[in-house]
Structure formats: C-alpha cells, structure tokens
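In our numbering, the protein residues as written are 6 to 143. Let me begin by presenting the structure, written as structure tokens, before commenting on it.
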C-alpha cells in the first residue's frame, strides 16, 4: 500500500508541475499579430498608401481625435491631410503593448513642416514628436 501512495503522490506532482511549464500557444502568436498591425499602419502612412488602410482598419473605425472624421474614410482623409503638412513623414515605433483587444504604441514621428498647421505657417524645419496611440482590435 505504501508504494501506491508514493505513486499517486508522484503522479499528482507530475501533473502539478507540468501545468507550470510554458507551452507554445496561440496567445503569443495573437499578440505578435496585433503588434504587427502597428508596423503595417506606419508602413502604409510612410508610403502614403492610405487607400490600403482597409487591409487593417474596419469601415466603422472609431476615431477619438475631434479633428478626424469617423470611419475608415475619416482616417484615410486625416492621414492624407497630415501627410500633406509633413510630406516626408516617418515614424519609429518605440514601444508596443498588447492587453486583450487593446494595442498601445508609443511612436516617435519626424517630418518637415511644409504647410500651415493649426495656424502656424510652414517653417521648412524638420520636427520630431512622440505620441501614444491606442487601438482596439477585433
């Protein structure tokens, strides 16, 4: 009987520890896929490929910037407008965090101020700024 108890104890320990061992799963792949959306978004902006936003942005996209209209057409129009102000706009992704359906990215943008922006005349100066964008994925 003593051997049976040891066997049951070892069997229980095996299953307890085996559940602690990391195993490959779709969770990591899903996080990587969501992070890749940020890179794709930046690449499309830098290429001025706004017509391709539909590949990663839904038609009913909800914008929280009051200067940009709602929906896919709104973000396309907003990106085109902003790109006209900074025609050489480029971005560097500083950090991307994913939690559930939220993707948060800290991005450093750089471009030459070539047209009026918020009443400030074009300066021709190269400017850089950092911003944080939040997206909800589905």
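We put the CB at the ideal spot given by N, CA and C, even for glycine.
- The C-beta of residue 67 has fewer than 16 other C-beta atoms within 10 Å across all chains shown, which makes the residue exposed.
- Its chain contains 55 as the residues whose beta carbon lies nearer than 6 Å to that of residue 85, once the 5 sequence neighbours on both sides are disregarded; these appear in chain order.
- Under the criterion of beta carbons closer than 8 Å, residue 97 and residue 53 do not qualify as touching, at roughly 18 Å.
- Check the Cα spacing between residue 141 and each of 34, 32 and 39: the tightest is with 39.
- Secondary structure note for residue 136: it is in no alpha helix (DSSP H), and the uninterrupted beta strand (DSSP E) holding it is 131-141.
- DSSP, reduced to helix, strand and coil, places residue 116 within a strand of the structure shown.
- Pairing residue 72 with residue 83, the inter-Cα distance amounts to about 8 Å.
- Cβ contact annotation for residue 120 (same chain, cutoff 8 Å, sequence separation greater than five): 89, 90 and 127, in chain order.
- Per the coordinates, the alpha-carbon of residue 34 lies some 30 Å from the alpha-carbon of residue 70.
- Burial state of residue 46 is buried, judged by a 10 Å Cβ sphere holding 16 or more other Cβ atoms.
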